[in-house]
Each structure stands twice: as structure tokens, then as C-alpha cells.
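Here the protein sequences line up with chains A and B, keeping their order. Per the numbering used here, the very first residue in the first sequence carries number 17; after that it's consecutive. Per the numbering used here, the very first residue in the second sequence carries number 12; after that it's consecutive. Note that CB positions come from ideal geometry on N, CA and C, so glycine has one too.
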Amino acid sequence: MIMELLDKFFNRDGKVNTSRNMAKDRLKMVLAYDRTDISPQLMAKMRGELLEVVARYFELEAADLDVQLDREGNTTALIANVPIRRVKQEDE
Amino acid sequence: MSGKVFVITSGKGGVGKTTTSANLGMALAAQGRSVALVDADFGLRNLDLLLGLENRIVYNILDVLNGECRLDQALVRDKRQPKLALLPAAQTRDKNSITPAQTRDITSQLAESFEYVLVDCPAGIEQGFKNAIAGAQKAIVVTTPEVSAVRDADRVIGLLEAAGIKDTELIVNRLRPQMVKENNMMSVEDVLEILAIKLLGVVPEDEKVIVTTNRGDPIVLSETPPPAGQAFLNIARRLQGEHVPLMNLEGPPPGLWDRLLSLIRGTK
Numbered sequence: 017m018i019m020e021l022l023d024k025f026f027n028r029d030g031k032v033n034t035s036r037n038m039a040k041d042r043l044k045m046v047l048a049y050d051r052t053d054i055s056p057q058l059m060a061k062m063r064g065e066l067l068e069v070v071a072r073y074f075e076l077e078a079a080d081l082d083v084q085l086d087r088e089g090n091t092t093a094l095i096a097n098v099p100i101r102r103v104k105q106e107d108e
Numbered sequence: 012m013s014g015k016v017f018v019i020t021s022g023k024g025g026v027g028k029t030t031t032s033a034n035l036g037m038a039l040a041a042q043g044r045s046v047a048l049v050d051a052d053f054g055l056r057n058l059d060l061l062l063g064l065e066n067r068i069v070y071n072i073l074d075v076l077n078g079e080c081r082l083d084q085a086l087v088r089d090k091r092q093p094k095l096a097l098l099p100a101a102q103t104r105d106k107n108s109i110t111p112a113q114t115r116d117i118t119s120q121l122a123e124s125f126e127y128v129l130v131d132c133p134a135g136i137e138q139g140f141k142n143a144i145a146g147a148q149k150a151i152v153v154t155t156p157e158v159s160a161v162r163d164a165d166r167v168i169g170l171l172e173a174a175g176i177k178d179t180e181l182i183v184n185r186l187r188p189q190m191v192k193e194n195n196m197m198s199v200e201d202v203l204e205i206l207a208i209k210l211l212g213v214v215p216e217d218e219k220v221i222v223t224t225n226r227g228d229p230i231v232l233s234e235t236p237p238p239a240g241q242a243f244l245n246i247a248r249r250l251q252g253e254h255v256p257l258m259n260l261e262g263p264p265p266g267l268w269d270r271l272l273s274l275i276r277g278t279k
């Protein structure tokens, strides 16, 4: 507990919310969208469909999922974050 | 002679395109190269002002195209650096009064008598940008370590690629090393990681740039060039194919107190 606080205080984990890191992360995200040129409507549609599929197999924490495009170097990745409660049983 | 045609561009305004154009032109000339600077910013011309040549303009690029004068008559020769000449933009007309083909024609004519032709591109990605990049073999993209400038630079890099300009390099301008150290500004490495493009040089933020601009004497002309001036001189040498290492912008090595602090913080 005390060590954790110390770590936080002295910024030992390295990856903290400095404005420099925030600038970088926000840029990566916005550029991933800029470069793929995908419309927000299409993203929303895909998010809905993904949710539908995932919900068929899992009981979800919330009826929403976080879908983002991210960029690292020259590759763009689609990242979906879906907190699940448990796997649905087959007979359900 | 067949000189090289470079365009200096950025997308976003206010990041230092014209300052970069003026200083690189002046630096190349000081290093013995013949240079023609072309102001492609119709209606918002400023390159003349940064070079201190605003009172010597008689004709501009449009007069040449309209056949009212010859190309060499429109060129303003610099008195400090006789190897430097400026082709002014038309101040009273807009960017649609010239076409990419006409710009390409002018720059290729200039390349016959100058070793380097530098085109100062207007901000934006519309007609003025299309004009300025026409005929360029290489693009120099200027950005600052700020989110808006980097985003716009990314867009411009994409457009340059689409226009068939393969050779594109980046200048990170107005870097503040102290802020980077404090994690309050993106570093050159951060910007390069995002843009994935070759680095041509880094220019530190320097108040002297404002002072020299006020006077119309580009900073590279200073007798003992301040850091920003030295950075531009280095970039000019790199443009000629020389290998010049990046300047140390970190300042002197950390003292005992700083080292103790960084030991406690666990950073290097």
C-alpha cells in the first residue's frame, strides 16, 4: 500500500497520465480514424452488430462495448473492450 | 543545370513554414549554393517580409505568367547573399489565379539556373497546396510537437504520397526540451513514432527568431547563430547530402541534485 503510493508519487511505473502521453494517445486514436476514413455511422453500426454477436455467447456487464481503432507504427488495429459477467450455458 | 525543387509545407498554419523557407534558403546560399525561393502563398505573402526584401519587389510570379515581364526580371536578388533570389507571390490575387501546371513550369525554369528551388507552400490542403507541390521532387514537412500540427502533418504526408512525391522528410520546429523533460510536450521520438517519416532536423524554440524576423534578417545570418539558427544551418547541410548529427538540445549534463532526484524517481 505504502509502496504503491510511493510508486505513484515518484512516477515509477512510467506510464502515467502526463500531458505528453495524453497528447500521444489522443493523436494515435484520431489518426487511426483519419487514415481509415471510416464514418462514425459505420462504426456505430459495427459496434451494434458486434455487441449482438458477443451477447449471444456471453452475459455482459453492460449493454455497451468500447470499440476503438488504434495505431502502432504502420498498422491499425481494431480494439474492442467487452466486460463480461459469465459464459452463457448452451441450454439457455 | 538541373537544380532540385523542394516544397516546404505543413497543412496547419503558424508552425513556421515561411521562417523555415527563409532560413533554409539563406543558409544554403551562405553555404555557397544558388537558391531561388518561390513564395506560393498568393494573397498572404510573407516570405518577402521575413527576408527583408519587401521594398524591392517590382514584379511577381503572376506578371511572369501574364507575359508582363521575364522570369529573371521578377526575381529579387538578395544583397547580403547574392546567390539568393526571391520570386514573390501576387498579393492582390487569390490562389485560384494560377494552376499546378504553371507552377511546375516556373519551378522547372528556375531549376535550370539555380541549384535549389524552394517553394514556400501556403497553409491548407486546397488549391494553393496543389499548386505549390506541383513540380516538387522532395517535400519538407514542418510540424511542431502539438496535437493539431501533428494531425495536419499526417494528412499532408498522405496527400504528398498520393500526389506521387515519394521523398518526404520532417522538421520538428519549436521544440522545448525542458517541457519534454517534464513530460509536458511530445518528444521528437513521440512525433516520429506517430508519423513514421524520416527526420530532417529539429529546431528548438528560440525567442531570437522573433527578434531576427522583426528586423528582416533571417536568424542564420547572425554572426554567432543562436540554437535555432544553428539548427537551420545543420538542416541546410543535410539537404546537400552531408551527414550532420542532431544537436544536443538537452543542455549541460545534469548536476548532482538532478541525478539524486532522478535516482529517487527511478527515471534515467
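(Q) Assuming E218 (chain B) is part of the alpha helix (DSSP H), what are its boundary residues? (A) 218-226
Q: Kindly confirm or deny that the segment 179-188 of chain B and the segment 150-160 of chain B touch, where touching means at least three C-beta pairs closer than 8 Å.
A: yes
Q) Distance, Cα to Cα, V69 (chain A) vs D53 (chain A)? A) 25 Å
Q: Check whether the Cβ atoms of T103 (chain B) and L58 (chain B) sit closer than 8 Å, and answer yes or no.
A: no
Q. Should N194 (chain B) be flagged as near chain A, meaning a C-beta pair shorter than 8 Å?
A. yes
Q) Using 8 Å as the limit for Cβ to Cβ distance, is R166 (chain B) near chain A? A) yes
Q: Compare the C-alpha of L98 (chain B) against each of B:K219, B:A173, B:V69 and name the closest.
A: B:V69
Q) Going by beta carbon distance, what residues of the same chain come within less than 6 Å of C80 (chain B), once the five residues before and after it are set aside? A) Y70, D74
(Q) Strictly below 7 Å CB to CB, what residues from chain A border M197 (chain B)? (A) R36, A39, K40
**Q.** the segment 157-170 of chain B touching the segment 12-26 of chain B, judged by at least three CB pairs closer than 8 Å
**A.** yes
Q | For R185 (chain B), three-class secondary structure by DSSP | A | strand
Q: Answer yes or no: does any C-beta atom of chain B fall closer than 8 Å to that of D86 (chain A)?
A: no
Q) What residues from chain A crowd round R162 (chain B), counting only those whose CB sits closer than 9 Å? A) L43, V46, L47, D50
Q. Along the chain, where does the beta strand (DSSP E) that runs through I168 (chain B) open and close?
A. Taken as a continuous stretch (DSSP letters only), I168 (chain B) belongs to no beta strand (DSSP E), being part of the alpha helix (DSSP H) at 158-173.
Q.
Measuring straight from C-alpha to C-alpha, what distance separates I178 (chain A) and A93 (chain A)?
A. Any answer about residue 178 (chain A) is impossible in this case: the structure gives chain A only from 17 up to 108.
(Q) With DSSP as the reference, identify every bridge partner of E75 (chain A), one or two as the case may be. (A) A:R102
Q. Helix or strand or just coil, what does DSSP make of F17 (chain B)?
A. strand
Q. For Y73 (chain A), does the count of other Cβ atoms within 10 angstroms reach 16, so buried, or fall short, so exposed?
A. exposed
Q. Exposed or buried, V103 (chain A), counting other C-beta atoms within 10 Å across all chains shown (16 or more means buried)?
A. exposed
Q: Flag L186 (chain B) as yes if its beta-carbon sits less than 8 Å from any beta-carbon of chain E, otherwise no.
A: The question asks about chain E, but that chain is absent: this structure's protein chains are A and B.
Q.
Which of the three DSSP states is assigned to D59 (chain B) in this structure?
A. helix
Q | Same chain, Cβ closer than 8 Å to K250 (chain B), five either side skipped, listed in chain order | A | Going by the sequence as given, residue 250 (chain B) is Leu instead of Lys. Only F17, L35, L39, Y127, L211 meet the Cβ criterion.
Q: Could you tell me the distance, in whole angstroms, from the CA atom of M197 (chain B) to the CA atom of T179 (chain B)?
A: 21 Å
Q | Span separating the alpha-carbon of E261 (chain B) from that of A207 (chain B) | A | 23 Å
Q) Going by C-alpha distance, which of B:V202, B:N77, B:V213, B:I117 is nearest V161 (chain B)? A) B:V202
Q | V158 (chain B) at chain A interface by Cβ criterion, 8 Å | A | yes
Q. I95 (chain A) lies in the beta strand (DSSP E); which residues open and close that run?
A. 91-97
Q: Only counting runs of 3 or more residues, tell me where the beta strand (DSSP E) segments fall wholly within the segment 68-105 of chain B, in order along the chain.
A: 95-98
Q. DSSP beta-bridge partners for D53 (chain A)?
A. Looking at the DSSP assignment, D53 (chain A) forms no beta bridge with any residue, so it has no partner.
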